[in-house]
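One structure is given below, encoded as C-alpha cells.
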Amino acid sequence: DGGITQSPKYLFRKEGQNVTLSCEQNLNHDAMYWYRQDPGQGLRLIYYSQIVNDFQKGDIAEGYSVSREKKESFPLTVTSAQKNPTAFYLCASSIGVGDQYFGPGTRLLVL
Amino acid sequence: LAKTTQPISMDSYEGQEVNITCSHNNIATNDYITWYQQFPSQGPRFIIQGYKTKVTNEVASLFIPADRKSSTLSLPRVSLSDTAVYYCLVGDGLYSSASKIIFGSGTRLSIRP
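So the protein lines, in turn, are chains D and X. Under my numbering, the first sequence has 1248 at position 96, and the numbering climbs by one with no breaks. Under my numbering, the second sequence has 29 at position 24, and the numbering climbs by one with no breaks.
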C-alpha cells in the first residue's frame, strides 16, 4: 500500500530536550512538508522540501530543524529553542500541483 | 501572495446542498485551487482541485468564475459525516516558494440531523 506514515502518534518532551518526529512516504513524491496545528486553528507551514537535500523555511521555522537526505524521509526535530512545542504536527507529500497527501499526525506534549 | 479568506463556520442540515466560498483576490496565472477536508485529530484529505470553470468528482463540485478571484466548493446532499473543517489552498505546481503555501483557518462545517 502506498502512503505516508508518521511516528510516533504521541510524543512527550521534557523541558530542554530535543525530539525528532518521523515522516516516511512511499508515494515517490518529490515534495514534502511539515505543518503545525494548534487547537481550533488552521495549518501553519514549518518547513517545505521540494527535492532531496533542499528545504525552505515556512512561517514558523524558529525552534525547528529538518533534513532531507532521502526522497522518502523528512524528519522534523523540535529543538529546545521551541518554547511552546505542544501541538499537532502533520507531514505531507506531493508530486506537484497542490494535491498534498497527509500523514496521520503526531501529537507532541510537554511534560 | 495568494492569501485566502473563508467563512469561519457554517451550519446546515442533512440532505441539503452546502456551498463554501473562498476568496483569493491575488491568485496568480499559474495557480490552481485545491480543497481539503479535515476531521479532528486527522490529517487533511484532498477533495477536489480546479483551475477554471467547473470541476466535478464523486464527492463534490468546484465552481470557479472567469476572474478566478474566488471559488465555491459545493457538497451535494450532505450527511452528518460531512461535519469537518474545509480548507482551500491556492498555489502552482511544485511551489517555487514556501511563502506560497498558506492554508488559512478553514471553514468549520456542522451538519445537523
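Glycine is no exception: its CB is placed at the ideal position from the N, C-alpha and C atoms. Owing to the predicted nature of the structure, the values given are computational and were not obtained by experimental measurement.
Selected residue, minimal CA-CA separation from residue i, among the options
i, options, result
"Lys1235 of chain D", "D:Leu1261, D:Glu1221, D:Phe1254", "D:Leu1261"
"Ser1225 of chain D", "D:Lys1161, D:Leu1163, D:Ile1203, D:Ala1233", "D:Ile1203"
"Ser17 of chain X", "X:Asp97, X:Arg82, X:Ile106, X:Phe44", "X:Arg82"
"Gly96 of chain X", "X:Leu67, X:Lys105, X:Tyr41", "X:Lys105"
"Glu63 of chain X", "X:Asn35, X:Ser46, X:Ile25, X:Gln54", "X:Gln54"
"Ala1239 of chain D", "D:His1181, D:Leu1197, D:Asn1180", "D:Leu1197"
"Asp1211 of chain D", "X:Ile38, X:Gly109, X:Thr39", "X:Gly109"
"Tyr1241 of chain D", "D:Ala1183, D:Gln1177, D:Tyr1199", "D:Tyr1199"
"Ile1156 of chain D", "D:Arg1259, D:Gln1252, D:Leu1263", "D:Gln1252"
"Asn1178 of chain D", "D:Glu1214, D:Gly1194, D:Gln1158", "D:Gln1158"
"Ala71 of chain X", "X:Thr61, X:Val90, X:Thr34, X:Thr88", "X:Thr34"
"Gln47 of chain X", "X:Tyr37, X:Pro118, X:Leu94, X:Val90", "X:Val90"
"Phe1207 of chain D", "D:Ser1219, D:Pro1160, D:Gly1215", "D:Ser1219"
Contact list for residue i against chain D, beta-carbon separation under 7 Å
i, result
"Phe108 of chain X", "Gly1194, Leu1195"
"Gly111 of chain X", "Gly1194"
Buried versus exposed call for residue i [16 or more other C-beta atoms within 10 Å across all chains shown]
i, result
"Thr58 of chain X", "exposed"
"Ser102 of chain X", "exposed"
"Pro49 of chain X", "buried"
"Pro1237 of chain D", "buried"
"Tyr56 of chain X", "exposed"
"Phe44 of chain X", "exposed"
"Tyr1162 of chain D", "exposed"
"Phe1254 of chain D", "buried"
"Ala1183 of chain D", "buried"
"Phe1164 of chain D", "exposed"
"Gln86 of chain X", "The question names Gln, yet the displayed sequence has Ser at residue 86 of chain X. Looking at its Cβ environment, which holds fewer than 16 other Cβ atoms inside 10 Å, Ser86 of chain X is exposed."
"Ala1233 of chain D", "exposed"
"Ala65 of chain X", "buried"
Residues that residue i contacts on chain D, provided the C-beta gap is smaller than 8 Å
i, result
"Ser46 of chain X", "Phe1240, Gly1257, Arg1259"
"Phe51 of chain X", "Asp1251, Gln1252, Tyr1253"
"Tyr92 of chain X", "Gly1194, Leu1195"
Interface partners of residue i on chain X, CB under 8 Å
i, result
"Lys1209 of chain D", "Ala103"
Neighbour list for residue i in chain X, Cβ cutoff strictly below 9 Å
i, result
"Tyr1200 of chain D", "Tyr100, Ser102, Ala103, Ile106"
*contact_flag[the region 1163-1172 of chain D, the region 1182-1199 of chain D] where n(CB pairs < 8 Å) is 3 or more*: no
*Mind the definition here: the region 111-118 of chain X touches the region 7-14 of chain X only if three or more C-beta pairs lie below 8 Å; say whether that holds.*
yes
*Can we say the region 69-85 of chain X touches the region 1239-1257 of chain D, given the rule of at least three CB pairs closer than 8 Å?*
no
*Enumerate, from N- to C-terminal direction, the unbroken beta strand (DSSP E) stretches of 3 or more residues contained entirely within the region 1156-1235 of chain D.*
1156-1159, 1162-1165, 1171-1177, 1183-1189, 1195-1203, 1206-1209, 1216-1218, 1228-1230
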